[in-house]
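Novice: Here you go, one structure.
Protein chains: 2
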Amino acid sequence: MFSSTTEYALRAAVFLAEVREGYHPAQSVAEATKVSVQYMSKVLKLLVESGVAVSQRGPSGGFALAKPPTQITLLDVVQAVEPVERIMSCPLNLPEHAHELCPLHKAMDDLAVVAQNHLRSKTLAELVQQSIVPLGISAAKRASA
Amino acid sequence: MFSSTTEYALRAAVFLAEVREGYHPAQSVAEATKVSVQYMSKVLKLLVESGVAVSQRGPSGGFALAKPPTQITLLDVVQAVEPVERIMSCPLNLPEHAHELCPLHKAMDDLAVVAQNHLRSKTLAELVQQSIVPLGISAAKRASA
DNA sequence: GTATAAACCGATATCTTTATCCGGATATCC
DNA sequence: GGATATCCGGATAAAGATATCGGTTTATAC
Numbered sequence: 194m195f196s197s198t199t200e201y202a203l204r205a206a207v208f209l210a211e212v213r214e215g216y217h218p219a220q221s222v223a224e225a226t227k228v229s230v231q232y233m234s235k236v237l238k239l240l241v242e243s244g245v246a247v248s249q250r251g252p253s254g255g256f257a258l259a260k261p262p263t264q265i266t267l268l269d270v271v272q273a274v275e276p277v278e279r280i281m282s283c284p285l286n287l288p289e290h291a292h293e294l295c296p297l298h299k300a301m302d303d304l305a306v307v308a309q310n311h312l313r314s315k316t317l318a319e320l321v322q323q324s325i326v327p328l329g330i331s332a333a334k335r336a337s338a
Numbered sequence: 194m195f196s197s198t199t200e201y202a203l204r205a206a207v208f209l210a211e212v213r214e215g216y217h218p219a220q221s222v223a224e225a226t227k228v229s230v231q232y233m234s235k236v237l238k239l240l241v242e243s244g245v246a247v248s249q250r251g252p253s254g255g256f257a258l259a260k261p262p263t264q265i266t267l268l269d270v271v272q273a274v275e276p277v278e279r280i281m282s283c284p285l286n287l288p289e290h291a292h293e294l295c296p297l298h299k300a301m302d303d304l305a306v307v308a309q310n311h312l313r314s315k316t317l318a319e320l321v322q323q324s325i326v327p328l329g330i331s332a333a334k335r336a337s338a
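Those protein sequences? They're chains A and B, same order as listed.
Under my numbering, think of the first position of the first sequence as 194, with each following residue one higher.
Under my numbering, think of the first position of the second sequence as 194, with each following residue one higher.
Laid out in structure tokens, this is it:
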């Protein structure tokens, strides 16, 4: 259903929503989400390019959400890395289906709409576990902090 | 959203629902769906292995649906080639989420359920365009028949 | 202004998906 | 029972997604 890149992007976004204030280096995001720093850096870059996150270079730099978690939906994150695309014209290019999707592609497009609506209805804020520990910060690590 | 393999499988299933009686060689399915015979053969094999279609070797052989189109849903076809998987446990393996999905993966699993239900609600029969020409059989080809 | 922490960027490696090729097995038709 | 149409299966190729590596730039802190 979702590619691993999308899964990583969602984990990262939720993490940034949980930790909140300040910049968090890719290193921290990577550890919390259990993804390699190298790959997580690429994913974070996608989030920055799409306006979901912002980045800051240099010491005490890192990544942060571009807007409050209440204003970022799961769809924003998904579209940043692997857009759920609507089907606008028949991929078969049949003359019969030039101006109206055939029933099959209509059904597939319907699902795209349903999926988009579902993802749009959830904000990052709703996924933050206030009372629980931040995503991926394990008991051992917390103890040492 | 869907891989090309899934798209091909759906096209093939709709085609078989449209042409109805008898076996149809991979060649015919491939032409109608605008996919190479070689690749379509592999996709059709997946449909056979999952019980959506049946195959028959030799002259006047080919492929046909295993059940009437009213009894085959889009979900049957999709699950045959690229299952929409439920998320049963937290991929992060966090102790906190051992027996309950974290909100993120709960949301993702919810979408999987919504998608499955959507696909299950449409049968191949509902996608058949009775009054129109079969999928992919163009005007030129019809004229020559 | 120097040292350092961090994002950035391009090159490469690995794995998966998609696609093609070709010989073999099997059923049908005459 | 032989010729033929078709599915079947394995090997290979090409493309894309995933992942890693190393160097470069930029900002911060002191």
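Yeah, the Cβ is synthetic: ideal placement off N, Cα and C, and Gly gets one too.
#1: Chain A partners of B/K227, CB-CB under 7 Å?
#2: Figure out for me which residue from B/D302, B/V236, B/H217 has the closest Cα to the Cα of B/S253.
#3: Is the CB of A/H217 under 8 Å away from at least one CB in chain B?
#4: Determine the extent of the alpha helix (DSSP H) in which B/V321 is found, giving its start and end residues.
#5: Could you give the first and the last residue of the continuous alpha helix (DSSP H) run that contains B/F208?
#6: If you drop the 5 nearest sequence neighbours on each side, which residues of the same chain put their C-beta closer than 7 Å to that of B/P262?
#7: Thinking B/A257 and B/V245 are a contact (beta carbons under 8 Å), I'd like their distance in whole angstroms, please.
#8: Quick check: the Cα distance between B/A223 and A/T266, rounded to an integer number of angstroms?
#9: Please name the residue, chosen from B/E200, B/V207, B/S197, B/T199, that lies closest to B/K260 on a Cα-to-Cα basis.
#10: From B/Q220, B/D302, B/S243, B/M301, pick the residue whose C-alpha is nearest to that of B/V270; which is it?
#11: Using a Cβ-Cβ cut-off of less than 8 Å, list which residues of the region 291-315 of chain A approach chain B; keep chain order.
#12: Since B/A246 is in the alpha helix (DSSP H), which residue starts that stretch and which ends it?
#13: Would you list the residues sitting across from B/L304 in a DSSP beta bridge?
#14: Is the Cβ of A/V245 closer than 8 Å to any Cβ of chain B?
#15: Report the neighbours of B/M194 on chain A: residues whose CB is nearer than 8 Å to its CB, in chain order.
#16: Out of B/A300, B/R250, B/G215, point me to the one whose CA is closest to A/S314's CA.
#17: Per DSSP, what are the beta-bridge partners of B/G255 in this structure?
#18: Which residues in chain B sit within 7 Å of A/V207, going by Cβ to Cβ distance?
Specialist: By the coordinates alone:
#1: Translated into the one-based positions of the second sequence, residue 227 of chain B becomes position 34. L285, listed in chain order.
#2: Taking the first residue of the second sequence as position 1, residue 253 of chain B is located at position 60. Considering only alpha carbons, the answer is B/H217.
#3: Looking up residue 217 of chain A in the first sequence gives position 24. No, no contact with chain B.
#4: For the purposes of this step, residue 321 of chain B is taken as the residue at position 128 of the second sequence. No residue range can be given for B/V321, since it is assigned to no alpha helix (DSSP H) and is classified by DSSP as neither H nor E.
#5: Against the second sequence, residue 208 of chain B aligns to sequence position 15. Element bounds for B/F208: 197-212.
#6: To locate residue 262 of chain B, count along the second sequence from 1; it is residue 69. Closer than 7 Å at Cβ, skipping near neighbours: A210, T316, L317, A318, V321.
#7: Taking the second sequence and counting its residues from 1, one reaches residue 257 of chain B at position 64. Taking the second sequence and counting its residues from 1, one reaches residue 245 of chain B at position 52. Not quite, the Cβ-Cβ distance comes to about 10 Å (not below 8 Å), so this is no contact.
#8: Within the second sequence, residue 223 of chain B is the residue found at index 30, counting from 1. Within the first sequence, residue 266 of chain A is the residue found at index 73, counting from 1. Whole-angstrom Cα-Cα distance: 40 Å.
#9: Here residue 260 of chain B corresponds to residue number 67 of the second sequence, with the count starting at 1. Checked all of B/E200, B/V207, B/S197, B/T199; the closest Cα to B/K260 is B/V207.
#10: Reading the second sequence from its first residue, position 77 is the one you call residue 270 of chain B. Out of B/Q220, B/D302, B/S243, B/M301, B/S243 has the C-alpha closest to the C-alpha of B/V270.
#11: C295, P296, L297, A300, M301, D303, L304, A305, V307, A308, H311, L312, K315
#12: Position 53 of the second sequence, counted from the first residue, corresponds to residue 246 of chain B. Here B/A246 belongs to no alpha helix (DSSP H); instead the beta strand (DSSP E) covers 246-249.
#13: Taking the second sequence and counting its residues from 1, the one referred to as residue 304 of chain B is at position 111. Answer by DSSP bridge pairing: none, since B/L304 is not bridged.
#14: The count along the first sequence starts at 1 and reaches residue 245 of chain A at position 52. Taking Cβ atoms only, chain B never reaches closer than 8 Å to A/V245, which makes this a no.
#15: In the second sequence, counting from the first residue as 1, residue 194 of chain B sits at position 1. Under the 8 Å cutoff, chain A gives V277, E278, M301, L304, A305, A308.
#16: As a working note, residue 314 of chain A is residue 121 in the first sequence. Nearest of B/A300, B/R250, B/G215 to A/S314, Cα basis: B/A300.
#17: In the second sequence, the residue the question calls residue 255 of chain B occupies position 62. Bridge partners of B/G255: B/Q249.
#18: For this step, residue 207 of chain A is matched to residue 14 along the first sequence. Chain B residues near A/V207: L297.
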